[in-house]
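Below is one structure, written out as structure tokens; comments come after it.
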Amino acid sequence: MLLSPYRFATGSGSDPNWLDVGLLLHLNGNFTDSSSTPKTSASAGGLVTSTAAANYGEGVQCAAGQYITVAADNDLRFNGQFTFEFWMRATPVGFGAGWQDQDIFSTVSQSVYIIIRGASLDFRIHGSTLYLNTDMSGNTDWHHIAITRDASNVVRVFLNGVQKWSLTNTGSDASSTGWEIGGITSLAAKPYVGKLDEIRFTKGVCRYAAGFT
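Everything in the sequence shown is counted per this note's numbering, starting at 130 for the first residue and increasing by one.
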């Protein structure tokens with residue numbers, strides 16, 4: 130499969146799964162959801178977009194207390210097939226080569242979250258954790274992260290198109306709750322410190338079931 134070398138496409142003419150896109154944040158000057166069924170999304174804590182924080186166009190530089198909120202919607206449920214992907218460039222915060230825990234994403238219910246923990250990027254969905262097994266220490270490059278589940282309930286985690294882990298899992302978020310991108314609701318002491326850009330969630334579609342470019 131081929132990953133578009135630019136920002137995620139907008140519109141059915143360039144994305145065959147366009148009608149299944151539940152959320153698309155380009156973060157170019159605003160926090161507007163550019164999907165065909167826009168959700169209410171906004172910044173918190175004074176978070177702003179800028180070209181300095183971008184992989185493409187504009188992006189955001191998250192710090193303590195700064196994150197993106199997305200209102201609850203059934204299009205954003207982690208049940209059935211899905212593809213959740215984004216670009217990130219984390220900043221080490223901790224002692225020496227180690228990393229302090231950093232919370233990148235969470236549903237408000239905390240049934241699903243993504244976190245850098247001990248320099249490993251982890252994805253948790255209802256008690257099952259998928260480990261990227263990649264040492265993030267000192268690594269400040271931009272990375273494309275993709276998490277998918279297919280029709281056989283195989284959940285996969287990809288780093289820059291390389292599959293890092295997989296697990297059969299039928300779990301989902303407990304209910305339709307909002308999202309926080311750049312933090313976890315009850316763990317404000319462990320914010321994500323770094324850049325984010327081009328965030329996309331596709332409901333009912335596993336875009337990547339094998340390695341891609």
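Here a beta-carbon is modelled for each residue, glycine too, at the ideal position from N, C-alpha and C.
- Apart from sequence neighbours up to five positions away, the residues of its chain that approach D202 with a beta-carbon distance below 6 Å are K168, ordered along the chain.
- Distances from the CA of K324 to each of A219, W308 and V177 were compared; the closest alpha carbon is that of A219.
- Our two residues, Q239 and I313, have alpha carbons roughly 7 Å apart in a direct line.
- Remark: C-beta atoms of R329 and V150 approach each other more closely than 9 Å.
- Judged by DSSP secondary structure, L153 falls within the beta strand (DSSP E) whose first and last residues are V150 to L154.
- A direct Cα-Cα distance of roughly 15 Å separates S235 from A173.
- Between C191 and the set G175, N184 and L205, the nearest pair of CA atoms involves G175.
- By the C-beta density criterion, A182 is buried, having at least 16 other C-beta atoms within 10 angstroms.
- Going by C-alpha positions, N159 is about 7 Å away from T178.
- Linking K319 to H155 through their CA atoms gives a straight-line distance of about 25 Å.
- For T236, the enclosing beta strand (DSSP E) stretches over residues Q231 to T236.
- Listed in chain order, the non-local C-beta contacts of V286 below 6 Å within the same chain comprise F252, L259, L261, I276, K293 and W294, local neighbours out to five positions each way being set aside.
- Cβ-Cβ distances below 6 Å link A338 to D279 in the same chain, with the five nearest sequence neighbours on each side left out; the list follows chain order.
- From the listed residues P221, T161 and F137, the smallest Cα separation to Y321 is found for P221.
- Here the alpha carbon of G300 sits roughly 11 Å from the alpha carbon of V283.
- For S249, same chain residues with a beta-carbon under 8 Å away, outside a window of 5 residues either side, are Y260, L261, N262, T263, D264 and M265 in chain order.
- Per DSSP, the continuous beta strand (DSSP E) segment holding Q190 begins and ends at G188 to C191.
- Excluding its 5 nearest sequence neighbours in each direction, T331 has C-beta neighbours in its own chain below 6 Å: N146, D149, V150 and T212, listed in chain order.
- Straight across, the Cα-Cα distance linking G256 with L153 is about 27 Å.
- Take V291, set aside five residues on each side of it, and the residues of its chain with a beta-carbon closer than 6 Å to its own are G340, in chain order.
- The C-beta distance from F207 to I244 rounds to 15 Å, too long to fall under 8 Å, and the pair is not in contact.
- Taken in chain order, the unbroken stretches of beta strand (DSSP E) that lie wholly in the segment 272–318 and span 3 residues or more are 272–278, 283–288, 291–297 and 308–310.
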